[in-house]
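Novice:
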Ligand SMILES: NC(=O)c1ccc[n+]([C@@H]2O[C@H](COP(=O)([O-])OP(=O)(O)OC[C@H]3O[C@@H](n4cnc5c(N)ncnc54)[C@H](OP(=O)(O)O)[C@@H]3O)[C@@H](O)[C@H]2O)c1
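In the numbering used here, the protein residues as written are 3 to 364.
Below, the structure written as structure tokens:
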């Protein structure tokens, strides 16, 4: 497809106040091709407070098709980011937001006659299968994970969207598959689980750099990507910089849990990858695991993607390596903590500031 120039675009974004939203929205604001943005989320936010002057806020839930039909009415492009990621809700609620909400968004986009539907899938759509190669390209099949709700729903949605997009009148569908996304808004709009699991999740941030204590740290490789770089990839899809289809999105380079431990000022204790992966497989097979605990399956097999296609066909050039992404995230977190303690624990401005302050206080 020949590159085209788009002007005066109206873009509707579901989930603008999450990690990926904070990567994309400033880029839409800065891009002269974009004239107007509509942002749909459940919790109110003030676009002006984030300097998103082109953005109009629509309060609503993606489970409500009417809200979406209304929000997408004049849109040229829909970017669908609203999702339940952490699993801190019931399985039914998560499924209705993730599956029904995504299909509602696609159907409303199609009814509005938008040209492009951009959807954030995930590396998790590949599942954590033992035969997944290191360096999966987009041709590798998307297969539901054994247990993790998030990965199962991501795989299912890719199949459902592909089927819907093959019908007449469909918008061009762009599917991004990012690895773990970090940056100053890494927590985004996510609810962190309560109870022991939540405490466990908060511990590394809470104690980072205070005491050099040893932690078990498997040398399992992980891909990361910076929120700004994912924002760039989303913007390239908004502007149809390349053909529709699926694109793997990850920073160059890998980190391991041991790298993360070192950067947090802890002392990593080597754990053989096989032990970690075997344990993760065994735990994830336990019956009655709540959705949030199903995330353990993600450690059962490394999910490493090849990102050549996004670079070649979209012209995507990530600014941050995996290690730089991790460092930037920790930097931002420490800055937020320092600002909060200087201001007597007052919350930093902005929607993401609020959630980051929640984390800092915990
Ligand atoms: N973060 C990552 O590491 C990562 C990696 C790969 C792929 N992804 C994908 O990228 C997308 C965005 O993730 P994220 O990390 O930005 O998520 P996030 O931080 O949890 O933000 C989710 C956004 O969606 C909104 N939202 C949630 N439920 C909604 C509902 N029922 N109706 C309307 N809006 C709703 C949230 O605002 P309200 O809560 O106020 O409604 C927020 O704006 C997801 O599809 C995720 O699977 C994320």
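Even for Gly, the Cβ is constructed at its ideal location relative to N, Cα and C. Here the structure is a predicted model, which means the values were calculated and not measured.
1. Can you look up residue 278 in the DSSP assignment and give me helix, strand or coil?
2. Expressed to the nearest angstrom, what Euclidean distance is found between the alpha-carbon atoms of residue 38 and residue 14?
3. The alpha helix (DSSP H) with residue 150 in it runs from where to where?
4. Under the rule that 16 or more other beta-carbon atoms within 10 Å means buried, what is residue 45, buried or exposed?
5. Closer than 7 Å to a non-hydrogen atom of ligand 1 - does that hold for the CB of residue 124?
6. How is the beta strand (DSSP E) around residue 121 delimited, first residue to last?
7. Mark residue 345 as exposed unless 16 or more other C-beta atoms lie within 10 angstroms of its C-beta, in which case mark it buried.
8. Any heavy atom of ligand 1 closer than 7 Å to the beta-carbon of residue 130?
9. Under 6 Å Cβ to Cβ from residue 57, same chain only, skipping five residues before and after it: list those, please.
10. So, helix, strand or coil for residue 1, using DSSP?
11. Would you mind reading off the limits of the beta strand (DSSP E) that contains residue 170?
12. At the level of alpha carbons, what is the spacing between residue 33 and residue 269?
13. The beta strand (DSSP E) that contains residue 58, what's its start and end?
14. From the DSSP output, read off the bridge partner residues of residue 249.
15. Mind checking who residue 12 pairs with in its DSSP beta bridge?
Specialist: For this structure:
1. Counting from 1 along the chain shown, the entry for residue 278 is found at position 276. If DSSP states are grouped into helix, strand and coil, residue 278 belongs with the helices.
2. Position 36 of the chain shown, counted from the first residue, corresponds to residue 38. Position 12 of the chain shown, counted from the first residue, corresponds to residue 14. About 8 Å.
3. Against the chain shown, residue 150 aligns to sequence position 148. Residue 150 -> no alpha helix (DSSP H), and no H or E assigned at all.
4. For the purposes of this step, residue 45 is taken as residue 43 along the chain shown, with counting starting at 1. With fewer than 16 other Cβ atoms within 10 Å, it is exposed.
5. The sequence position of residue 124 within the chain shown is 122, counting from 1. Yes, the beta carbon of residue 124 sits closer than 7 Å to at least one heavy atom of ligand 1.
6. In the chain shown, counting from the first residue as 1, residue 121 sits at position 119. For residue 121, the uninterrupted beta strand (DSSP E) run begins and ends at 118-122, by DSSP.
7. Position 343 of the chain shown holds residue 345. So residue 345 ends up on the exposed side.
8. Taking the first residue of the chain shown as 1, we reach residue 130 at position 128. At a threshold of 7 Å, residue 130 does not count as near ligand 1, since its beta carbon sits no closer than that to any of the ligand's heavy atoms.
9. If you number the chain shown from 1, residue 57 lands on position 55. The residues are 39, 41 and 49.
10. Because the chain spans 3 through 364 in this model, residue 1 falls outside it and cannot be assessed.
11. Residue numbering aside, residue 170 sits at position 168 when the chain shown is read from its first letter. Element bounds for residue 170: n/a, residue is neither H nor E.
12. Counted from its first residue, the chain shown places residue 33 at position 31. Counted from its first residue, the chain shown places residue 269 at position 267. Computed Cα separation, rounded: 44 Å.
13. Looking up residue 58 in the chain shown gives position 56. Run containing residue 58: 57-61, per the beta strand (DSSP E) assignment.
14. Counting from 1 along the chain shown, the entry for residue 249 is found at position 247. Residue 249 is bridged to 178.
15. As a first step, residue 12 must be located in the chain shown, where it is residue number 10. Answer is 38, bridged to residue 12.
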